[in-house]
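Novice: For reference, each letter of the sequence shown is one residue, going 58 to 215 in our numbering.
Where is the CB? At the ideal position from N, CA and C, for every residue including glycine.
Since we're looking at a predicted model, the values are computed, not measured.
Input: one structure, supplied below.
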Amino acid sequence: MQRFLARRFLLSIVTLFVVSIVIFAMSRAAGDPRHIFLDDLSTQEDWDRLTVSLGLDKPYYQQYGIFLVGALQGDFGKSIKERRPVMELIWERAPATIQLGVAAFAFSIILGLPLGVLSAVRRGSPMDMTGKVIALVGQSAPNFWLGIMLMFFFAVKL
Numbered sequence: 058m059q060r061f062l063a064r065r066f067l068l069s070i071v072t073l074f075v076v077s078i079v080i081f082a083m084s085r086a087a088g089d090p091r092h093i094f095l096d097d098l099s100t101q102e103d104w105d106r107l108t109v110s111l112g113l114d115k116p117y118y119q120q121y122g123i124f125l126v127g128a129l130q131g132d133f134g135k136s137i138k139e140r141r142p143v144m145e146l147i148w149e150r151a152p153a154t155i156q157l158g159v160a161a162f163a164f165s166i167i168l169g170l171p172l173g174v175l176s177a178v179r180r181g182s183p184m185d186m187t188g189k190v191i192a193l194v195g196q197s198a199p200n201f202w203l204g205i206m207l208m209f210f211f212a213v214k215l
C-alpha cells in the first residue's frame, strides 16, 4: 500500500509539473503582451522598460522559474485584459462559482441517490433501464449542450 501511495504521489508531482509547463507555454503562445500595453507611438525606451518589467528579457527557463515560484506563492500575476491581479479576480468570482458547485452537487444528490437506489432495488426493470439511460446521457453529453437543453426545457417548456 505504501508503494502504491508513493507511486501515486510521484505521478501527481509529474502531472502538476507537466500542467505547469503547458500553462506557461500557453501564456507565452498568446503573443507579445507588450502590444496590448503599448501602441505604435511608444518609444523604444518604453518598449525596453516594459520588456524588463515583464521579465521578457530573461531566457525562457528563468521566466518559467519565476512563473512557478509565483504560482506556488499564490501570485498568478496580473490580468492583461483587466490590468488587476489574477488572484483578486479569482476571489471576486469565487462566491458565484461555489454557489454553482453546491447547487450542482445538491441536484446530483437529490436526483442521483433515489435513482440509484431504485435501480438497485428493481434491477432489470424499466425503472432500472431509465435510470441507466439518464445516468449515461448525463455523463456523456457535453456540459455546454446539456446546459442549453436544460435551460430550454425549464425556461421555455415549463
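Near W202, which residues of its chain fall below 8 Å by C-beta distance, leaving aside the five closest residues on each side in sequence?
Specialist: Here residue 202 is taken as the residue at index 145 of the sequence shown, counted from 1. No residues qualify anywhere along the chain.
Novice: Taking contact to mean 3 or more Cβ pairs, one atom from each stretch, closer than 8 Å, check whether the stretch 67-82 and the stretch 90-102 are in contact.
Specialist: The stretch 67-82, when compared against the stretch 90-102, does not touch it at the 8 Å Cβ threshold.
Novice: Distance, Cα to Cα, V178 vs M208?
Specialist: Taking the first residue of the sequence shown as position 1, residue 178 is located at position 121. Taking the first residue of the sequence shown as position 1, residue 208 is located at position 151. Approximately 32 Å between the Cα atoms of the pair.
Novice: Roughly how many angstroms separate the alpha carbons of S84 and T108, rounded to a whole number?
Specialist: Here the question's residue 84 lines up with position 27 in the sequence shown. Here the question's residue 108 lines up with position 51 in the sequence shown. Answer to the nearest angstrom: the Cα atoms are 16 Å apart.
Novice: With DSSP run on the structure shown, which of helix, strand or coil describes P152?
Specialist: Against the sequence shown, residue 152 aligns to sequence position 95. Reduced to three states, the DSSP call for P152 is helix.
Novice: When the Cα of A192 is compared with those of G169, I80 and G127, which residue comes out closest?
Specialist: Residue mapping note: residue 192 aligns to position 135 of the sequence shown, counting from 1. When each option's Cα is compared against that of A192, the closest is G169.
Novice: Threshold first: 4 residues or longer. Then list the alpha helix (DSSP H) segments lying entirely within the stretch 96-162, N to C.
Specialist: 101-111 and 117-129, all fully within the stretch 96-162.
Novice: Hey, out of I80, A198 and L172, whose CA is closest to G188's CA?
Specialist: The count along the sequence shown starts at 1 and reaches residue 188 at position 131. Selected option, being the one with the closest Cα: L172.
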